[in-house]
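Have a look at the structure below before the remarks.
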Amino acid sequence: MLARILTCAILLSLTGPSLMAQNAAQTEGDRMIQIRSLLPGRPVCRAMRPIPITAELANPADKTVSAEATLDLPDGVRLAAGEQKQTVALEAADEATLRWEVIADAEGVHELSLQVRVPGTEPVSTGLSLRFLPPVQQ
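Structure follows, in structure tokens:
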């Protein structure tokens, strides 16, 4: 598992093979989609506050593909904006950005995962670990 720690208590991780190995494998065989990134929109995540999440997808194939992306949320994390399942059409060599906002009900580390499916191919996935700090009292 490849892991990077960013400042301000965010822990990002990719599950499974490394991102470079995963992307290399996706350009071979029958996979037609790459997950380039799955990242939070801010360096500090606090419980009870929405945090933007973005995913960058790419189509390295030479034909248009339609993909369904599903953001899976653990217990205690809910969707504040965006559809949990999003469908996107990617032209040959095209890229797309998907967006969501999530809210954690309590502090702690929460594991999100993104799975992208193109009909007739194996799905690709990646994970994101977010550390939510305690909520700020107002």
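Numbered according to this note's numbering, the sequence shown spans residues 299 to 436. Glycine included, each C-beta is placed from N, C-alpha and C at the ideal position. Remember, it's a predicted structure, so these values are computed and weren't measured experimentally.
| said: Quick check on this structure: which residue in 434, 432, 361, 426 has the alpha carbon closest to the alpha carbon of residue 350? | reply: Taking the first residue of the sequence shown as position 1, residue 350 is located at position 52. The candidate whose alpha carbon is nearest that of residue 350 is 426.
| said: Taking the beta strand (DSSP E) that residue 404 belongs to, which residues open and close that run? | reply: Position 106 of the sequence shown, counting from 1, holds the residue named residue 404. Run containing residue 404: none; DSSP gives neither H nor E here.
| task | Could you name the residues of the same chain whose beta carbon sits closer than 8 Å to that of residue 412, not counting the 5 residues immediately before and after it, in chain order? | result | Your numbering for residue 412 matches position 114 in the sequence shown. Answer for residue 412: 333, 336, 353, 367, 368, 369, 370, 423, 424, 425, 426, listed in chain order.
| Through-space distance from residue 400 to residue 381, alpha-carbon basis | Your numbering for residue 381 matches position 83 in the sequence shown. Your numbering for residue 400 matches position 102 in the sequence shown. In this model, residue 381 and residue 400 are separated by some 11 Å (Cα to Cα).
| said: Rounding to the nearest angstrom, what Cα-Cα distance links residue 357 and residue 331 in this structure? | reply: Position 59 of the sequence shown, counting from 1, holds the residue named residue 357. Position 33 of the sequence shown, counting from 1, holds the residue named residue 331. Looking at the two C-alpha atoms, the distance is approximately 5 Å.
| request: Classify residue 391 as helix, strand or coil using the three-state DSSP reduction. | output: Working through the sequence shown from its first residue, we reach residue 391 at position 93. DSSP places residue 391 in coil when its eight states are reduced to three.
| query | How big is the Cα-Cα spacing for residue 435 and residue 343? | reply | Looking up residue 435 in the sequence shown gives position 137. Looking up residue 343 in the sequence shown gives position 45. One C-alpha to the other measures close to 15 Å.
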